[in-house]
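Enquirer: According to the numbering used here, the residues represented by the sequence shown are 4 to 336, in order.
We put the beta carbon where it would ideally sit given N, CA and C, even for glycine.
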Amino acid sequence: MTADRSFDQELRFDGQVAVVTGAGNGLGRAYAMALAARGAAVVVNDLGGDISGAGGSARPAQTVAAEITAAGGQATPNFDDVTAPGGGERIVATAIETFGRIDVLVNNAGILDTSEFVTCPDETIQRTVATHLLGTMAVTRAALPPMLDQKHGRIVCTSSGAVFGSREGVAYQAAKSGLIAFTRAVAQIGAEHGVASNAVLPTAFTRMTSSIPPGAFRDFMESRFTPERVAAAVLLLAHASFPHSGECFLVGGGRMARLVLGVTEGYIADDPTPEEFRGHLDTIMSTGTLLTPANRVEEFESYLPRLGFGASLDQLVAPADAPEAGTAVRNGD
């Protein structure tokens, strides 16, 4: 067997422009520094607030941009809030006005939410969802048109392993779960235009996890789960050579693993009743056969033959100029 030596070929970003949101500290800083070290001109975006999203300061973004410049790279700071009206447009405009284009967008801006759901203030829920989900949507929405026009772009979103469920930080989990669907949707939009969208679910020791009590576990996290270990995967997803889109990866401590959105084979009833479904729960719950559809249409088509319908949905879509020929639902519940 011939060894795969692809890891010997350094991934470079020379001539490319990257935008990294939330790049003033922690993971975002690691991404910005790593992209710049490999040739990218970087827009270092950071509002400069605390981990709850309160306040603001130009210093974090300015400091990181200055570090990049001092090391011989190209960078410019940006202080826009991803949740503010027009914030996404201004962040992307900074890249285009300063460097002439945008090739890479890393959506990393986020805040911490560990609140109890029932007693959590409405303001906390709204700020959390706005920062993680709506903020990512705003910047991506602004970045897509130039990427689609130039037939090239790489978008990396930030979800979280918290999507598997936890008692605290429910708003955070809900927003991060929404980003999985958003990442897959953007991948569909960009599929025919050379624009890829993927997500990372990172684990790293940063100011958001520094509340871990002193001890052996904290020491292990601080030494092994560095932001730079996550940055290695982010740069791979951001590179033009990465062949996948619409995928999500758990990254941390030197590990990179694919997260799949799977569906069991399930049970089909001709005349369903609650009692019949209850009687076949073992089959419904079994992961012995697990499907991993790439999109909503593929999931729908996966069981249509078992219902007695053999045609592909693509064959049922009426031409745009002939709506009277009939309609078919391609993407919906």
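Given ASP17, which residues of its chain have a CB within under 7 Å of its CB, disregarding the five upstream and five downstream residues?
Expert: Excluding sequence neighbours, ASP17 sits near GLY42.
Enquirer: If we ignore side chains and look at the alpha-carbon of each, how far apart do THR292 and GLU268 end up?
Expert: Near 6 Å, if we compare the C-alpha coordinates of GLU268 and THR292.
Enquirer: So is THR330 buried or exposed if we call it buried at 16+ other beta carbons inside 10 Å?
Expert: Confidence in THR330 is poor, its pLDDT being 32 and thus under 50, which makes the residue's placement unreliable; the coordinate value appears in the next sentence. Exposed is the call here.
Enquirer: Given ARG247, which residues of its chain have a CB within under 7 Å of its CB, disregarding the five upstream and five downstream residues?
Expert: The question names Arg, but residue 247 is His in the sequence shown. Within the same chain, HIS247 has close Cβ partners ASN201.
Enquirer: Which whole runs of the beta strand (DSSP E) in the stretch 68-156 are 3 residues long or more, in chain order?
Expert: Qualifying beta strand (DSSP E) stretches, in chain order: 77-81, 107-109.
Enquirer: Could you check the C-alpha separation between VAL116 and PHE312 for me, to the nearest Å?
Expert: The residue you asked about is not Val; residue 116 is Asp in the sequence shown. When rounded, the distance between both Cα atoms is 46 Å.
Enquirer: Measure the alpha-carbon distance for VAL233 versus VAL85 and round it to whole angstroms.
Expert: Each residue's alpha carbon lies about 22 Å from the other.
Enquirer: Closest to GLY181 by C-alpha separation, out of SER162, VAL198, PHE167, would be which residue?
Expert: Closest option to GLY181, Cα to Cα, is SER162.
Enquirer: Please report the residue range of the beta strand (DSSP E) in which LEU253 lies.
Expert: Start and end: 251-255.
Enquirer: In the stretch 11-41, which residue ranges form an unbroken beta strand (DSSP E) of at least 3 residues, counting only runs that do not cross its ends?
Expert: Runs found: 20-23.
Enquirer: Would you identify the three-state DSSP class for VAL266, choosing helix, strand or coil?
Expert: DSSP places VAL266 in strand when its eight states are reduced to three.
Enquirer: Our contact map puts ALA26 next to ALA64 with C-beta atoms below 8 Å; I'd like the distance itself, whole angstroms only.
Expert: So it is a contact: roughly 7 Å between Cβ atoms.
Enquirer: Which residue marks the beginning of the alpha helix (DSSP H) containing SER180, and which one marks its end?
Expert: Here the alpha helix (DSSP H) through SER180 covers 173-193.
Enquirer: What number of angstroms, rounded off, separates the C-alpha of VAL240 from the C-alpha of ILE71?
Expert: A small fix is needed here, since residue 240 is Leu in this sequence, not Val. Rounded to whole angstroms, LEU240 to ILE71 spans 21 Å at the Cα level.
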